[in-house]
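Heads up, the thing below is written out as structure tokens.
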Amino acid sequence: MLIGKRLAFIGAGSMAQALLHGLVGGKLLAPEDVTVTNRSNDERLRMVRDRWGVHVTRDKAEITSRSDILLVACKPYDMAGTLAEIGRYVRPEQIVVSLAAGVPTSVMERYLPAGTPVIRAMPNTSSRVQESATAIAAGRWAGEHSLAVAEAIFASVGKVSVVPEAAMDAVTAVAGSGPAYVYLFVEALIAAGEAVGLSPEAARELAVQTVYGAARMLVETGADPAELRRQVTSPNGTTAAALQVLEARGFQQALADAVARAVERAGELARQAAGEDAAPAVPVASATERSA
Ligand SMILES: NC(=O)c1ccc[n+]([C@@H]2O[C@H](COP(=O)([O-])OP(=O)(O)OC[C@H]3O[C@@H](n4cnc5c(N)ncnc54)[C@H](OP(=O)(O)O)[C@@H]3O)[C@@H](O)[C@H]2O)c1
């Protein structure tokens, strides 16, 4: 799906670098087909060029003209400024993929020529180890082809689900914020292990390996988590006793409330992004500017 495609990274931060690792490191894209830009960090841009052998530039007209796919990897609050800079050079046959959490495709489309396919993606931090749970959603002009291209991009750093855009706040709450819930669980398990007499080192090693092993069991067996839980819970055994305490203390309810609050917060942030947006009509670049 990506063979022969030229891709531009607008932004060279941690997420762009995770994707460079997956796409260029994984040989899905040739370095000469990848161009990277950022706002002002020269050292970062040099480091990216030296590490991956990709082309780097600060010229927004150049980066746009060199690419079939524009992957916008800046922070949500920089999205309007970035799109205002590149929008005039974008051609509707290009695909724009955004990583900015909470910025709806309808807001991005206002900065781009009518007909430009926009895909919104929500990867998570596990992209850095090629184990992201990423969801992608199509904007109004993005069809099956654009979705398949975006799916191929994010498959280089993990698993990809296609969802309707209305589900993106739920995705953020479950998979975007999800690693933090797991880290909190592990922190608590380490502290609990220490409280019952394990050394900090042993508590960490046991807690981390337990979560890793359980995750692999889920992935490799494909079994229902409730079934796997039942398999380790002998009647009247230690696990059953521990789970009773977790249930009595509202473990599941706390998680459900946390996810619901994250959905609410994602909606608040998206409304802010849409409300603060004052996108001008897209000024169309002249043919000379485009080919510059
Ligand atoms: N990190 C994650 O795990 C994660 C997970 C899910 C979603 N995301 C989303 O991914 C996006 C990127 O996150 P990140 O962690 O990679 O951010 P980051 O490390 O802060 O990088 C942001 C990049 O955007 C560049 N930038 C800002 N304005 C620009 C402009 N006008 N033109 C060109 N480049 C511009 C910055 O350049 P300078 O450095 O030169 O300023 C920087 O290279 C965010 O929207 C975030 O919501 C990230």
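Here our numbering is used: the first residue of the sequence shown is -8, the next is one more, and so on. All C-beta atoms, glycine included, are put in the ideal place defined by N, C-alpha and C.
Give me the residue from 75, 87, 65, 249 with the minimum Cα distance to residue 169. 249
Hey, residue 100 and residue 130 are a contact pair by Cβ (cut 8 Å); roughly how many whole angstroms apart? 6 Å
On a Cα-Cα basis, can you pick out the residue from 7, 2, 17, 1 that is closest to residue -6? 17
When the distance is taken between beta carbons, is residue 108 closer than 8 Å to residue 144? no
Name the DSSP beta bridge partners of residue 149, please? 123
Per DSSP, the bridge partner or partners of residue 113: 126
So who's on the other strand from residue 62, going by DSSP bridges? 0, 88
Spell out the partners DSSP gives residue 25 in its beta bridges. -2
Note down, in chain order, each residue of its chain lying with its Cβ closer than 8 Å to the Cβ of residue 283, except the 5 sequence neighbours on either side. Confidence at residue 283 is low in this model, with a pLDDT of 42, below 50, so its placement is unreliable and the value that follows should be read with caution. Excluding positions up to five away in sequence, the list reads 50, 52, 53, 56.
Neighbour-count burial assignment, residue 160, 16 or more Cβ in a 10 Å radius: buried
Please confirm whether residue 103 and residue 88 have their CB atoms less than 8 Å apart. no
Quick check on this structure: which residue in 31, 26, 79 has the alpha carbon closest to the alpha carbon of residue 41? 26
Exposure label - residue 272; buried when at least 16 CB within 10 Å: Bear in mind that a pLDDT of 49 at residue 272, under 50, signals an unreliable position, so the number given afterwards is only what the model happens to contain. The residue in question, residue 272, is exposed, as its Cβ has fewer than 16 Cβ neighbours within 10 Å.
Quickly, what does DSSP pair residue 46 with across the bridge? List them, please. 26
Close-in-space but distant-in-sequence residues of the same chain around residue 116 (CB under 6 Å, 5 per side omitted): 170
Look up residue 133 in the DSSP assignment and say whether it is helix, strand or coil. coil
Quick check on the burial criterion: 16 or more other C-beta atoms within 10 angstroms. Buried or exposed for residue 29? buried
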